[in-house]
């Protein structure tokens, strides 16, 4: 009896990695082609989806036009703006009215005086600033922490004129702050400022204010010889 010859193990071909790369590129081209076809079909549809698809096609066409990047990007943005500006109220059916006022009566009386006081300290005043625009979570902070303060705002934020860095927050409190819920929110807001090492100063509603008195109180908090450059 003649013994069967064992099969010779096949050696991996040196072309295998190249073939894998070619196969991957082939499927990538196929998927991109399908995506472009889908965008062209959607761009012919009415409504927001069709307009958004058209904008994407315009941007892609500009990006691949072979012209210098800066003018191309600008033209693409201009065309995208033209298309988005043509969206009607039917595409986004909001039912809103503008408020009759931006400031309350007390806020309107206080604002000119805080602007004068801030100018003496080389600071700028921004009213009604969201805490999410002032603070960011530190590494390791609880994931739910941001939600606990992100919906709050401070009545006025004073920033350094030279680099717009926050210096102090100001709250203007009236009778509504006597409510238990509002006081709880006030304590929470103060805790956020304290955690960041940023002072929060409280003023109270009154018939009139003096820029000198406001400046004096700010200097008591920031330091009598405070200057932005010394912070």
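In the working numbering, the protein residues as written are 13 to 243.
The C-beta atom is built at its ideal place from N, Cα and C for all residues, glycine as well.
Given the structure is predicted, the values throughout are model-derived calculations rather than measurements.
Considering just the uninterrupted stretch of the alpha helix (DSSP H) at residue i, what are its terminal residues?
i	result
residue 171	No alpha helix (DSSP H) holds residue 171; the beta strand (DSSP E) holding it covers 165 to 172.
residue 190	That residue, residue 190, is in no alpha helix (DSSP H); it is neither H nor E in DSSP.
residue 111	Note, residue 111: premise wrong, no alpha helix (DSSP H); not H, not E.
residue 223	223 to 234
Report the partner residues of residue i according to the DSSP bridge assignment.
i	result
residue 142	165
residue 182	168 and 213
residue 89	Answer is none; residue 89 lacks a bridge partner.
residue 135	172
Please report the distance separating the alpha-carbon of residue i from that of residue j.
i	j	result
residue 194	residue 69	50 Å
residue 111	residue 135	28 Å
residue 145	residue 51	36 Å
residue 89	residue 45	24 Å
residue 42	residue 35	11 Å
residue 218	residue 93	46 Å
residue 223	residue 121	11 Å
residue 190	residue 71	54 Å
residue 152	residue 203	18 Å
residue 116	residue 229	22 Å
residue 253	residue 166	Since the first residue of the chain shown is 13 and the last is 243, residue 253 is not available in this structure.
residue 119	residue 196	22 Å
residue 198	residue 188	11 Å
residue 31	residue 73	31 Å
residue 149	residue 87	37 Å
residue 85	residue 209	41 Å
residue 143	residue 107	27 Å
residue 28	residue 48	30 Å
residue 33	residue 155	41 Å
Starting from the C-beta of residue i, find all residues in its chain whose C-beta is less than 6 Å away, skip the five residues before and the five after it, and write them out in chain order.
i	result
residue 226	125, 126 and 129
residue 233	211 and 213
residue 38	none
residue 242	Confidence at residue 242 is low in this model, with a pLDDT of 47, below 50, so the placement of that residue is unreliable and no value is reported for it.
residue 105	none
Near residue i, which residues of its chain fall below 8 Å by C-beta distance, leaving aside the five closest residues on each side in sequence?
i	result
residue 216	184, 185 and 186
residue 200	160, 161 and 164
Would you say residue i reaches chain C, if we count a Cβ-Cβ gap shorter than 8 Å as a contact?
i	result
residue 134	Considering every chain present, this structure includes no chain C. It has just one protein chain.
Please list, in chain order, all residues of the same chain as residue i whose beta carbon is under 7 Å from its beta carbon, the five residues on each side excluded.
i	result
residue 169	138, 141, 146, 178 and 181
residue 207	none
Three Cβ pairs or more, each shorter than 8 Å: is that satisfied between the segment 149 to 164 and the segment 124 to 138?
Pairwise C-beta distances place the segment 149 to 164 out of contact with the segment 124 to 138, as fewer than three of them are shorter than 8 Å.
Below 8 Å, can you find three or more Cβ-Cβ pairs linking the segment 169 to 177 to the segment 132 to 151?
Yes: the two stretches touch, three or more of their Cβ pairs being nearer than 8 Å.
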